[in-house]
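Participant: Sharing a structure, written as structure tokens. Questions coming.
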Amino acid sequence: MAYFSQVAVIGISSLIAANLFARNAENFPENTGQYHIEAYRLQPGEEFILDGKMTESFWGAITPITNFTQQEPIEGAEPTERTEIYIAYDASNLYIAAILYDSNPDGILAFQKRRNQGLGTDDRFMMILDTFNDGRNAYFFETNPAAIRGDGLLTVGQGINLNKAWDGIWDVRTTITEEGWIAEFVIPFRSLDFDPEVAAWGINFQRTIRRQNEEIMWAGWRRNQGLFRPQNAGTLTGLSGISQGIGLEFTPYLAASGNRRWLQGGSVENNGIFDAGFDASYSITPSVRASLTVNTDFAETEVDQRRVNLTRFPLFFPEQRSFFLEGASIFSFAPASGVNPFFSRRIGLVDGDPMPVNGGLRVLGREGDTNFGLYQIRTGSLGDINREDFTAARVTQNLFSESNVGLIYTRRATLDDDFFNDRHTLGADMEFGTSRFLGNKNLQFQAFFIWHNTFTENETSEFWDRTSRGIRINYPNFPFYGWMSYREFGDAFNPAVGFTPRNGFRRWQPTIGYRRVAGNNNLIRSWNVQAFFEYLMNLDYEPETVNLTLTPIDILFESGDRIEISLNRSFERLYSDFDILRDASAIVPAGDYYSWRFRAQASTASFRAVSATAQYTIEGFWTGTRNIYELSGTVRPYPGINLSVDLNRSDVFLPDTDFVTNLIRLRGNVDLTPNTALTNIIQFDDISEILGLYSRYRWTVTPGSDLFLVLSYNWVQFENRFEPIETQAALKFNYTYRF
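If you number the sequence shown the way the working numbering does, the last residue is 739 and the count never jumps.
Following this line, the structure appears as structure tokens:
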């Protein structure tokens, strides 16, 4: 009966939320015209040359937009520097130019050159294109004075849902002048999905003057708004007679790889392979694209970051393979609710090791107010692991101006098993949102429900045991913000293509916070305080995990430096003994445990040539205590060169034993041009005792066509020396043809 009452509460809450957000949607104001720009169509004989200099005569015929406003540090103030935006186009391409004036050009910062590298260190220029003008999705583009290419797919939701795995085919050039810097973009219409019948696009721009930590916006400049909320963007008009071509892309690849393993007994196993395959995609309609992959190769995928797990639950490692990342936005399910019915790392990876992917189909797109995605993947057999077939389907329906409902389905089948052993998962979610709550505030409501079938004929779990469900209310505003979530996971909940670190619980989690901006203070930029509470029970309503975390100090200084102090009081119940190191050397007996934690962190501004973050934690750890020391630092001796180190040490003191864990990671990125990238990663931890070296060189011949050289080495610590266990090398080249 309790389950039905909970479902009723979710249903009633959803109806109330729908009514509230529908009323707000009806009152959604039209664009006043203050934030509008018309694109100039190139005339016969006019030609665009991508050089970052704006020497073409037609730029002089365009009236630029200049009405930018400060978002930070002083909301609504005049920017300290002038910005001008110009837009032109022809049948094939969109051309955007920005003149970013700077009275101190020697202070312009440009450390990064690698594609999609974070630009928290640099001056930058960002923009979004909402090609359907629905305020829900947008293409994201950014650059810095070194002409970095950064892009992604933006989806409206609870938080910033920016999928930077999308690598569109486009280009940019920049020039630093005595008056500032200039950026010129060329974006082929073939790289964008859009409806030719839509006369206006959403568009917005943001500029960062890094040495001043100044953020300048065109439209949506209030702190409750911003670039990542396309519903607050301006409009672009004047586009007509533009073409996506026939919408066909073909990307073949050639690859050669070799592997050497040192086996027990001293023997060595060598393997080598030459391989080929392709990806092909076709735009069925201007907004629906189907992709086919054959003999898929992921040799260029970066190695996972090593971590030491001293918890009872498995660690989450993010997807890094581009074929799956490109559809991540559509397959996002109830974001921020901690549920993952579709976790693409279940496909083609077993315990982090790659499995052969024979091929697959991907369809992504939208028709009207309906968004949808489909994966159909076949993996091969390897050793004692059989071939598998994976299906994932997702559909969402837009409601009102900022809301949606959706369904998700996944299937996992071992091909040598009977049909009835297929593992199916079905889920539904809804999100109601408005940016007009109480006039100009954001409010979001979210709910979800997931069920999966039994995996074996002998399984005795009930329907509710194989479900999860929850609701979340989010108030992401300034200066006050907060959220409240409730979720339940059944005892047997474990979707076959999902990720579930813990099940069999009910969890409440309210959080509130307050952020104050100091205004013209020359020392402090902002001060944030926050209270986080978690109350997790088993399904019999008995407490298992309780956390209260207070963050009274989170100060961002005008210099860009930051300090943070937090305090935590917690309770944890163990129903069985816990083997911390998984080797029986440190056993925590079953029982109830109360503990505390103090954490202090300090970080320097990331735009300096040398930056660092240090964190110290002291906490109660089961029957003892733990001290955690974390240090990370980055040196940028030359633009495009980033040398970093991450150190993590835990000193654990228990009544029966003490132990220490260490993790070290060294990373060197050498990017001498925006089209070349050399990555070197060295990792070691004294739990696995494995020392790993990973090196990858990437040369972008043209946008969409790349050459990769990948080398990796692994050694295991044995007594006082390191013994080799595996080396790998791979060479891969892919080239994209567009029609």
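We put the beta carbon where it would ideally sit given N, CA and C, even for glycine.
1) The alpha helix (DSSP H) that contains SER329, what's its start and end?
2) Classify ASN204 as helix, strand or coil using the three-state DSSP reduction.
3) Nearest-angstrom Cα distance between GLY692 and TRP715?
4) Counting only runs that start and end within the stretch 606-635, where is the beta strand (DSSP E) found for 3 or more residues in a row?
5) By the 10 Å Cβ neighbour count, where 16 or more other Cβ atoms means buried, how is ILE471 classified, buried or exposed?
6) Pick helix, strand or coil for THR736, following the three-state DSSP scheme.
7) To the nearest angstrom, how far is it from the Cα of GLY614 to the Cα of ALA605?
8) Which residue from ARG362, ASP304 and GLN34 puts its Cα closest to that of LEU349?
9) Out of curiosity, what's the CA-to-CA distance linking PHE317 and ASP90?
10) The beta strand (DSSP E) spanning PHE480 covers which residue range?
11) Just how far apart, CA to CA, sit VAL357 and PHE278?
12) Could you compute how far the alpha carbon of VAL288 sits from the alpha carbon of ASN398?
13) Name the one or two DSSP bridge partners that GLY180 has.
14) Flag this pair as touching only if the stretch 511-522 and the stretch 479-488 have three or more C-beta atom pairs under 8 Å; answer yes or no.
15) In chain order, what residues of the same chain have a beta carbon less than 8 Å from the beta carbon of TYR541, not counting five sequence neighbours either side?
16) Determine contact between the stretch 87-106 and the stretch 238-250, defined as no fewer than three beta-carbon pairs at a distance below 8 Å.
17) What span of residues does the beta strand (DSSP E) with LEU325 cover, start to end?
18) With a CB to CB cut of under 6 Å and the five nearest residues on each side skipped, what residues in its chain are close to PRO501?
19) What does ARG366 pair with, by DSSP beta-bridge criteria?
20) Here's the rule I'm using: 16 or more other beta-carbon atoms within 10 Å means buried, otherwise exposed. How should ALA584 be labelled?
21) Are at least three pairs of beta-carbons, each pair with one atom in the stretch 631-646 and one in the stretch 589-596, less than 8 Å apart?
22) Enumerated in chain order, which unbroken segments of the beta strand (DSSP E) with a length of 3 residues or greater are wholly contained in the stretch 529-578?
23) Suppose contacts are defined by Cβ-Cβ distances below 7 Å. Is ARG173 in contact with GLY60 by that definition?
24) Return the residue from the list GLY373, PHE390, ASN386 and LEU709 that minimises the CA-CA distance to THR396.
25) Just the C-alpha distance for GLY245 and GLY327, rounded to the nearest angstrom, thanks.
26) What separation, rounded to the nearest whole angstrom, lies between the Cα atoms of PHE228 and ASN648?
27) Pick helix, strand or coil for PRO742, following the three-state DSSP scheme.
28) Excluding the 5 residues preceding and the 5 following ASN144 in the sequence, name in chain order all residues of the same chain whose CB lies nearer than 7 Å to its CB.
29) Please report how far the alpha carbon of ASP422 lies from the alpha carbon of ASN720, in whole angstroms.
30) Taking the Cβ atom as the reference point for each residue, do ALA677 and ASP685 lie within a distance shorter than 7 Å?
31) Would you kindly work out how many angstroms separate the C-alpha atoms of GLN683 and ASP561, rounded to a whole number?
32) Do you know how far the Cα of THR293 is from the Cα of SER283?
33) Just to confirm, are ARG346 and GLU319 a CB contact at a threshold of 7 Å?
34) How should ASP353 be labelled, buried or exposed, when 16 other C-beta atoms within 10 angstroms of its C-beta is the threshold for buried?
35) Quick check on DSSP: helix, strand or coil for GLN212?
36) Just to confirm, is the Cβ distance from GLY359 to ARG378 under 7 Å?
Facilitator: In short, the structure shows the following:
1) Position 329 of the sequence shown holds residue 329. Element bounds for SER329: 328-331.
2) Your numbering for residue 204 matches position 204 in the sequence shown. ASN204 falls in the strand class under three-state DSSP.
3) As a first step, residue 692 must be located in the sequence shown, where it is residue number 692. As a first step, residue 715 must be located in the sequence shown, where it is residue number 715. If you take the alpha carbons of GLY692 and TRP715, they lie about 6 Å apart.
4) Whole beta strand (DSSP E) segments, 3+ residues: 610-621.
5) The count along the sequence shown starts at 1 and reaches residue 471 at position 471. Buried is the label assigned to ILE471, since at least 16 other Cβ atoms lie within 10 Å of its Cβ.
6) As a working mapping, residue 736 is identified with position 736 in the sequence shown. Residue state, collapsed to three classes: coil.
7) Translated into positions along the sequence shown, residue 614 becomes position 614. Translated into positions along the sequence shown, residue 605 becomes position 605. Contrary to the premise, residue 614 reads as Ala rather than Gly in this sequence. When rounded, the distance between both Cα atoms is 13 Å.
8) The sequence position of residue 349 within the sequence shown is 349, counting from 1. Residue ASP304 holds the alpha-carbon nearest to the alpha-carbon of LEU349 among ARG362, ASP304 and GLN34.
9) By 1-based counting over the sequence shown, the position of residue 317 is 317. By 1-based counting over the sequence shown, the position of residue 90 is 90. Each residue's alpha carbon lies about 43 Å from the other.
10) In the sequence shown, counting from the first residue as 1, residue 480 sits at position 480. Per DSSP, the unbroken beta strand (DSSP E) holding PHE480 starts and ends at 480-489.
11) As a working mapping, residue 357 is identified with position 357 in the sequence shown. As a working mapping, residue 278 is identified with position 278 in the sequence shown. Taking the straight line joining both Cα atoms gives about 12 Å.
12) Reading the sequence shown from its first residue, position 288 is the one you call residue 288. Reading the sequence shown from its first residue, position 398 is the one you call residue 398. If you draw a straight line from the Cα of VAL288 to the Cα of ASN398, it is about 16 Å long.
13) Within the sequence shown, residue 180 is the residue found at index 180, counting from 1. Answer is TYR101 and THR177, bridged to GLY180.
14) By the Cβ criterion, the stretch 511-522 is in contact with the stretch 479-488, since at least three pairs of Cβ atoms, one from each stretch, lie closer than 8 Å.
15) Your numbering for residue 541 matches position 541 in the sequence shown. Correct list, in chain order: ARG506.
16) Touching, yes.
17) Taking the sequence shown and counting its residues from 1, one reaches residue 325 at position 325. First-last for LEU325: 322-325, but that is the alpha helix (DSSP H), not the beta strand (DSSP E).
18) The residue labelled residue 501 in the question sits at position 501 within the sequence shown. Taken in chain order, the residues that qualify are PHE313 and PRO314.
19) Counting from one through the sequence shown, the residue named residue 366 turns up at place 366. When DSSP reads this structure, ARG366 sits in a beta bridge with ASN371.
20) The sequence position of residue 584 within the sequence shown is 584, counting from 1. ALA584 comes out exposed.
21) With fewer than three CB-CB distances shorter than 8 Å, the stretch 631-646 does not count as touching the stretch 589-596.
22) The stretch 529-578 is shown to contain whole beta strand (DSSP E) runs of 3 or more residues at 543-557 and 562-574, in chain order.
23) On the sequence shown, position 173 is the one that residue 173 refers to. On the sequence shown, position 60 is the one that residue 60 refers to. Contact annotation: ARG173 and GLY60 have beta-carbon atoms that are not nearer than 7 Å.
24) By 1-based counting over the sequence shown, the position of residue 396 is 396. The option with the nearest alpha carbon to THR396 is GLY373.
25) To locate residue 245, count along the sequence shown from 1; it is residue 245. To locate residue 327, count along the sequence shown from 1; it is residue 327. C-alpha separation (whole angstroms): 22 Å.
26) If you number the sequence shown from 1, residue 228 lands on position 228. If you number the sequence shown from 1, residue 648 lands on position 648. Computed Cα separation, rounded: 33 Å.
27) Look at the range of the chain in this structure, 1 to 739, and you will see that residue 742 is not part of it.
28) Here the question's residue 144 lines up with position 144 in the sequence shown. So the list reads ALA110, GLN112, LEU119, ASP122, ASP123 and ARG124, once near-sequence residues are dropped.
29) Translated into positions along the sequence shown, residue 422 becomes position 422. Translated into positions along the sequence shown, residue 720 becomes position 720. The straight-line gap from Cα to Cα measures roughly 49 Å.
30) Against the sequence shown, residue 677 aligns to sequence position 677. Against the sequence shown, residue 685 aligns to sequence position 685. No, Cβ-Cβ distance for ALA677 and ASP685 is not below 7 Å.
31) The residue given as residue 683 occupies position 683 in the sequence shown. The residue given as residue 561 occupies position 561 in the sequence shown. In a straight line, the C-alpha of GLN683 is about 28 Å away from that of ASP561.
32) In the sequence shown, residue 283 corresponds to position 283, counting from 1. In the sequence shown, residue 293 corresponds to position 293, counting from 1. Going from the Cα of SER283 to the Cα of THR293 covers about 15 Å.
33) As a position in the sequence shown, residue 346 is number 346, starting the count at 1. As a position in the sequence shown, residue 319 is number 319, starting the count at 1. Contact flag unset, no.
34) As a position in the sequence shown, residue 353 is number 353, starting the count at 1. It is exposed - the Cβ of ASP353 has fewer than 16 other Cβ atoms within 10 Å.
35) Within the sequence shown, residue 212 is the residue found at index 212, counting from 1. The three-state reading of DSSP puts GLN212 in helix, counting H, G and I together.
36) Position 359 of the sequence shown holds residue 359. Position 378 of the sequence shown holds residue 378. The Cβ-Cβ distance between GLY359 and ARG378 falls below 7 Å.
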